[in-house]
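Its first residue numbered 1, the sequence shown is counted upward by one per residue in the UniProt record's numbering. No residue lacks a Cβ here, since even glycine has one placed at the ideal position from N, Cα and C.
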Amino acid sequence: MQLFVRSQELHTLEVTGRETVSQIKAHVASLEGIAPEDQVMLLAGTPLEDEATLGQCGVEALSTLEVAARMLGGKVHGSLARAGKVRGQTPKVAKQEKKKKTGRAK
Numbered sequence: 001m002q003l004f005v006r007s008q009e010l011h012t013l014e015v016t017g018r019e020t021v022s023q024i025k026a027h028v029a030s031l032e033g034i035a036p037e038d039q040v041m042l043l044a045g046t047p048l049e050d051e052a053t054l055g056q057c058g059v060e061a062l063s064t065l066e067v068a069a070r071m072l073g074g075k076v077h078g079s080l081a082r083a084g085k086v087r088g089q090t091p092k093v094a095k096q097e098k099k100k101k102t103g104r105a106k
């Protein structure tokens, strides 16, 4: 069956359905130069497990797999960690005593 793989370019692969996702990643690595461990393969927005076969993942003929690169991250630096938190940035103001009113109370 034919399979489309969208990475930096669109590639057409001829597969049987018994290949694992890691085998497809290795093939894409030879075409695109992206290391297999840096690839995330998606089918309809859902990430695919490396050990699963294409048939187990629900890949059918003429399906399109998308390849995305893994992003570094996990720690928030600087002011982004405090985004939306007003308490630490607003100075505390002491309450003032109210002046007594003279005259007739309303």
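Query: Sequence ranges, alpha helix (DSSP H) only - wholly within the UniProt domain "Ubiquitin-like" (1-74), length at least 4; Result: 21-32 and 54-57
Query: Supposed contact pair Leu42 and Glu66 - C-beta distance, whole angstroms, cut 8 Å; Result: 4 Å
Query: Own chain residues within Cβ distance below 6 Å of Leu48, not counting five before or after; Result: Val21, Met41 and Cys57
Query: Lys25 burial status per 10 Å Cβ neighbour count (16 or more: buried); Result: buried
Query: Gln39 burial status per 10 Å Cβ neighbour count (16 or more: buried); Result: buried
Query: Buried or exposed (CB count within 10 angstroms, at least 16 for buried), Leu54; Result: buried
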